[in-house]
Amino acid sequence: MEKCTKKITDWLIRCDAVEEADRELYEYAVYSIFLTLSPILLAIVFGFLFGAIWQSILIILPFIVIRKFSGGYHAKRTGACLVSSRLLLVLCIVFSFCIKCNWLLFVFVVLSAVSLVSFSPLENENRMLSREEQICYKKITAVIVVIFVIVDLLLFLLHLDTYMICISIGLLLSAGLQFPCILKKLIHNDK
């Protein structure tokens, strides 16, 4: 990923699109774009392999949007992040074929939504939030989560089971990846 980032930045500099003095800034920007797009690209690739491109995109979409503001577990190294992300995405796609669409699934979605709204945003030690940012991110997370829960409910009521299951998995994944951070926080507060 770093090699690719450097090559793209070098190309931008050679094309006079950016200044050499701004190299570090553009390397960070290209790296950030890769990190943002990689879940979607992975979803498309794995979706293609499983014959479920739309389902894969519907699984990853709520996760990406919610995770941006809610926070949650982050691997210490990029390599570990990429490997675990791929495994989680494959598991989520496989689960989407196995899970039944019923009220119990929707109850779990609502519980996950309550958890997301209650505990968000969870800060990353690499990026601490100001008090204003925390308030803003909490509100944004709440609005996004409520929108996805309403969409999920509508899909359920319209008997669009496959799509409801995929959105549900995205919501459950977002809440599930907050769980280790919540536990760590609770244990730390007890000490």
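The numbering of the sequence shown is my numbering, which starts it at -17 and goes up by one.
No residue lacks a Cβ here, since even glycine has one placed at the ideal position from N, Cα and C.
Because the structure is a prediction, the values reported are computed rather than measured.
Judged by DSSP secondary structure, residue 58 falls outside any alpha helix (DSSP H); it is assigned neither H nor E. For the pair residue 122 and residue 35, the Cα-to-Cα distance works out to about 28 Å. Annotation: residue 0 is outside any alpha helix (DSSP H) and is labelled neither H nor E by DSSP. Annotation: residue 110 is outside any alpha helix (DSSP H) and is labelled neither H nor E by DSSP. At a Cβ-Cβ threshold of 8 Å, residue 152 and residue 28 do not count as neighbours.
Under the three-state reduction of DSSP, residue 105 is assigned to coil, being neither helix nor strand. In terms of CA proximity to residue 148, 38 leads the group 38, 18, -14, 12. Non-local beta-carbon contacts of residue 67 in its own chain, meaning distances under 8 Å to residues more than five positions away in sequence, involve 20, 21, 24 in chain order.
Taking the CA atoms as reference points, residue 74 sits about 14 Å from residue 82. The closest CA to that of residue 120, considering only 43, 96, 41, -4, is found on 96.
In the DSSP assignment, residue 25 falls within the alpha helix (DSSP H) that extends over 5 to 32. One Cα belongs to residue 145, the other to residue 128, and the distance between them is close to 17 Å. Secondary structure of residue -11 (DSSP, three-state): helix.
Sequence-distant Cβ neighbours of residue 43 in its own chain, meaning closer than 7 Å and more than five residues away, are 152.
When secondary structure is reduced to three states using DSSP, residue 159 falls in the coil class, being assigned neither helix nor strand.
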